[in-house]
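Enquirer:
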Amino acid sequence: MDYFIDVNPLEGLAEVLTLNVAEYKAGSRYTCRVFSAHGNERQTVFGCFQGRIALKDNQEFKAALYDLVSENTGKVILDFKDVFLSRSAVGVLVGFAASMHGRNKGLYLYRPSQQIRASLQELDLLPFFRILESENDVVARLRL
Amino acid sequence: MYYLHHYFDPDFRHTQLSPVWEPDGSISSRYLGYVQNVVRGQVLAELTDLKFVSENARDPRFIYHERRLPIGPNCAAHESNPDKIVAAANGYVFYNNGLISVKRLLNIRNDLGFHTGNVFFVGDVAVHGDVQTGFALHAANVLVKGHIESSKVKGVGDVVCLKGIRGNAALASDEEKQEEQQKEEPLIPSTLVQAGGNLRLPFCEHVQLRAHGNIIIDGSCLHSMVYVGGNLVVKGRLQGGTVFANKLIYVESRLGSDYSVPTRVMMGYDAFDYLQLQKIETRIAYLKDRKAFFESMGSRNQVMEQEYAERLKLVKFELRALSQRHKILWNRFEQDGLRASECRLVVPGRVMPGCEIYIGAGYLQTHDTDSDVTFYLEDDEVKMRSNKNR
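Protein chains in written order, with our numbering: chain Y, 1 to 144; chain W, 145 to 534.
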């Protein structure tokens, strides 16, 4: 189901993104909504996660991450501002980062929650990830 | 009876890698999944009662008659659930003598190339061969015992290369863009070696070096772009290319060349602000180009106007944002300029004619051959003094 989000233009970013899939799986403790950006070159995909991701969600989380990547995907931006990641989920994220790096695709974290920042900091992993703090940073990653 | 359920692939062998299928059906030759990364605290395996595991899912190797966890080095039992094994360090997980082990140092015994694919590792990496052209490595600390060819090597900490780095002289993808760029600015090499800490190498040519700490080059640095947050020491020649630094540069043998190859040294401002500025200016130029294209397409008819309206809006949005960032960076440059008087370029060897030296707002171009001199900023002018009588 593809449709444009009709939102207040002042929200800036949302008006230029297309919502591809709206996933609210029953029983999941988290949700993943996927947006892809307009572009005539390689696509930028925006994965918007919410909720708590623990060990038992790992397989589902991994599948959701890998589903973001398709043939034309150039960059993936993960919105983690309302997400709690367990250590095992961080491990899945690192595996995904390795896969993206291996395929020469960009991976960015958009405004990760304090819990994720603290977790990455404690594990000395923060420098491995590129973090976007504002919508301007996100727009700068879109291929036009 | 118990069953050990794994959260990693227990049969993974780095010597038996196969190319990975892409979602579009193609095969990626650059990514082979050379290493299974794990992070501290990640659950690696869990012991469960055998009756909860369906018969189809059972692997006889992992059926245990007693409650026993195969805990190896850098692994531990979970604090609250003693049936789980967790990693006690960042690294890669593997079975060693029947025990689940995590190793922090990844040794790549050969070249990093088609045998390994690109490598992303959360611990330290030692490459015993070369890093081959077109491949990428990202790790905590990096040691390359061979050469680094035209590739990308990033270390969160220190990077050391024992045989040198030689990049590719051809750079941007678009040939026309290259020609245009050549008229004004020297090209930025596509080969990148980046260190969050210090960087040490014997020589480099046609490469982009970035280090937030110090860079020590035991031989020569030729035609390279160097961004250094700390000090730069070149024991051989610094010839061609541009160096961005904000503290001390020491060139032992020779600065500049006999053949009028432009050699630039830019000091007095944060090297990584320069880098940001370069990126922003490149992006602004690209966006202006796109804007003109979208406007020309949109002006054809109403359908085309609708087609390109959203992209045009986006381009304008980003241009506005980038202009603001550009302005903020320039303001920061002005503040940084106050510290420019502390910068020094020391050359005990020879300084050749044609070197361009910028320190803060000052500029000096060398016209004669000199030796054993120091360049510094005084009264907003770059001055050169001899060290011979000191």
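Virtual Cβ for every residue (Gly too), placed ideally from N, Cα, C. Remember, predicted model here, so these are calculated numbers, not experimental data.
Alpha helix (DSSP H) containing Y:Lys62: first to last residue?
Expert: Element bounds for Y:Lys62: 58-67.
Enquirer: Counting only runs that start and end within the segment 50-137 of chain Y, where is the alpha helix (DSSP H) found for 4 or more residues in a row?
Expert: You should have 58-67, 87-102, 114-122.
Enquirer: Considering only residues of the same chain and omitting the five flanking positions on each side of W:Val387, which have a CB-CB separation below 6 Å?
Expert: Excluding residues within five positions, the ones whose Cβ falls inside 6 Å are Val370, Val409.
Enquirer: Using 7 Å as the limit for Cβ to Cβ distance, is W:His282 near chain Y?
Expert: W:His282 counts as touching chain Y.
Enquirer: What three-state label does DSSP hand W:Val447 in the structure shown?
Expert: Helix.
Enquirer: Which of helix, strand or coil does DSSP assign to Y:Val139?
Expert: If DSSP states are grouped into helix, strand and coil, Y:Val139 belongs with the helices.
Enquirer: Can you check whether the C-beta of W:Arg184 is within less than 7 Å of a C-beta belonging to chain Y?
Expert: With 7 Å as the cut-off, W:Arg184 counts as an interface residue toward chain Y.
Enquirer: Quick one: give me the first and last residue of the beta strand (DSSP E) that W:Thr518 is part of.
Expert: Unbroken beta strand (DSSP E) run through W:Thr518: 514-522.
Enquirer: On the three-state DSSP scale, how would you describe W:Thr386?
Expert: The answer is strand: DSSP assigns W:Thr386 an E or B state.
Enquirer: Pull the bridge partners of W:Met411 from the DSSP assignment, please.
Expert: Answer is W:Ala389, W:Ile503, bridged to W:Met411.
Enquirer: Taking the CB atoms as reference points, tell me whether W:Gly498 and W:Glu525 lie closer together than 7 Å.
Expert: No, the pair does not count as a contact, with Cβ atoms beyond the cut-off.
Enquirer: Under 7 Å, Cβ to Cβ, is there at least one residue of chain Y near W:Ala220?
Expert: With 7 Å as the cut-off, W:Ala220 does not count as an interface residue toward chain Y.
Enquirer: Taking CB distances under 7 Å as the criterion, tell me whether Y:Leu55 reaches chain W.
Expert: Yes, Y:Leu55 counts as interfacial toward chain W.
Enquirer: Of all Cβ atoms in chain W, is any one closer than 7 Å to the Cβ of Y:Glu23?
Expert: Any reading at Y:Glu23 must be qualified, since the residue scores a pLDDT of 46, below 50, and its modelled position is unreliable; the value itself is stated next. No, because no Cβ of chain W sits closer than 7 Å to the Cβ of Y:Glu23.
Enquirer: Taking the beta strand (DSSP E) that W:Leu489 falls in, what are its first and last residues?
Expert: Unbroken beta strand (DSSP E) run through W:Leu489: 488-495.
Enquirer: Taking CB distances under 7 Å as the criterion, tell me whether W:Glu462 reaches chain Y.
Expert: For W:Glu462, the answer is yes, since a Cβ of chain Y falls inside 7 Å of its Cβ.
Enquirer: Going by C-alpha to C-alpha distance, which of W:Met448, W:Gly257, W:Tyr146 sits closest to W:Leu174?
Expert: For the record, residue 174 of chain W in the displayed sequence is Arg; it is not Leu. Looking at the Cα atoms, W:Gly257 is the closest of the given residues.
Enquirer: For W:Gly299, report the span of its beta strand (DSSP E) as first-last.
Expert: 296-299 is the extent of the beta strand (DSSP E) around W:Gly299.
Enquirer: Using a beta-carbon distance below 7 Å, is W:Tyr147 in contact with chain Y?
Expert: No, W:Tyr147 lies away from the interface with chain Y (no Cβ there is under 7 Å from its Cβ).
Enquirer: Are Y:Ala89 and Y:Ile53 touching if we call contact CB-CB under 7 Å?
Expert: Yes, the Cβ-Cβ distance between Y:Ala89 and Y:Ile53 is below 7 Å.
Enquirer: Name the residues in the segment 94-109 of chain Y whose C-beta lies less than 8 Å from a C-beta of chain W; which are they?
Expert: Listed in sequence order: Val94, Gly95, Ala97, Ala98, Ser99, His101, Gly102, Arg103, Asn104.
Enquirer: Taking the straight line between their C-alpha atoms, what separation do you get for W:Gly273 and W:Tyr430?
Expert: In a straight line, the C-alpha of W:Gly273 is about 38 Å away from that of W:Tyr430.
Enquirer: Can the beta-carbon of W:Ala189 be found less than 7 Å from the beta-carbon of W:Ile215?
Expert: Against a cut-off of 7 Å, the Cβ pair of W:Ile215 and W:Ala189 comes out as no contact.
Enquirer: Could you tell me which chain W residues have their CB closer than 9 Å to the CB of Y:Gly47, listed as they occur along the chain?
Expert: Simply none; closest approach about 15 Å.
Enquirer: Tell me where the beta strand (DSSP E) around W:Thr192 begins and ends.
Expert: First-last of the beta strand (DSSP E) with W:Thr192: 187-193.
Enquirer: Can you tell which of W:Val266, W:Ala313, W:Asn312, W:Leu250 has its C-alpha closest to the C-alpha of W:Val119?
Expert: Residue coverage of chain W in this structure runs from 145 to 534, which leaves residue 119 of chain W outside it and unanswerable.
Enquirer: Could you please give the first and the last residue of the uninterrupted beta strand (DSSP E) stretch that includes W:Met528?
Expert: That run of the beta strand (DSSP E) goes 525-530.
Enquirer: Is it the case that the segment 433-453 of chain W contacts the segment 105-123 of chain Y, given that we only count it when at least three CB pairs across the two stretches are under 8 Å?
Expert: Touching, no, given that fewer than three Cβ pairs across the two stretches are closer than 8 Å.
Enquirer: Pull out every residue of the segment 405-426 of chain W whose Cβ sits closer than 7 Å to any Cβ of chain Y, in chain order.
Expert: Those residues of the segment 405-426 of chain W that come within reach of chain Y (Cβ to Cβ, closer than 7 Å) do not exist; the list is empty.
Enquirer: Taking 8 Å as the cut-off, does the segment 411-430 of chain W touch the segment 457-469 of chain W (at least 3 CB pairs, one atom from each stretch)?
Expert: Output reads yes: the segment 411-430 of chain W touches the segment 457-469 of chain W.
Enquirer: Check whether chain Y comes within 7 Å of W:Tyr236, counting only Cβ atoms and requiring the distance to be less than that.
Expert: So, not an interface residue.
Enquirer: Leaving out the 5 sequence neighbours to the left and right, which residues in its chain are closer than 7 Å to Y:Ser86 when beta-carbon positions are compared?
Expert: Once the five neighbours on either side are set aside, the close Cβ partners of Y:Ser86 are Ile53, Ala54, Leu55.
Enquirer: Which bits of chain Y does W:Val447 rub up against, with CB to CB less than 8 Å?
Expert: The contacting residues do not exist; W:Val447 stays about 16 Å from chain Y at best.
Enquirer: Let me confirm a value: W:Gly299 is counted as buried when at least 16 other C-beta atoms fall within 10 Å, else exposed. Which label applies?
Expert: Buried is the call here.
Enquirer: For W:Lys296, count neighbouring C-beta atoms within 10 Å of its own C-beta (all shown protein chains included) and say buried if the count is 16 or more, exposed if not.
Expert: Its Cβ being crowded by 16 or more others within 10 Å, W:Lys296 is buried.
Enquirer: Is the CB of W:Ala465 under 7 Å away from at least one CB in chain Y?
Expert: At least one chain Y Cβ lies under 7 Å of W:Ala465.
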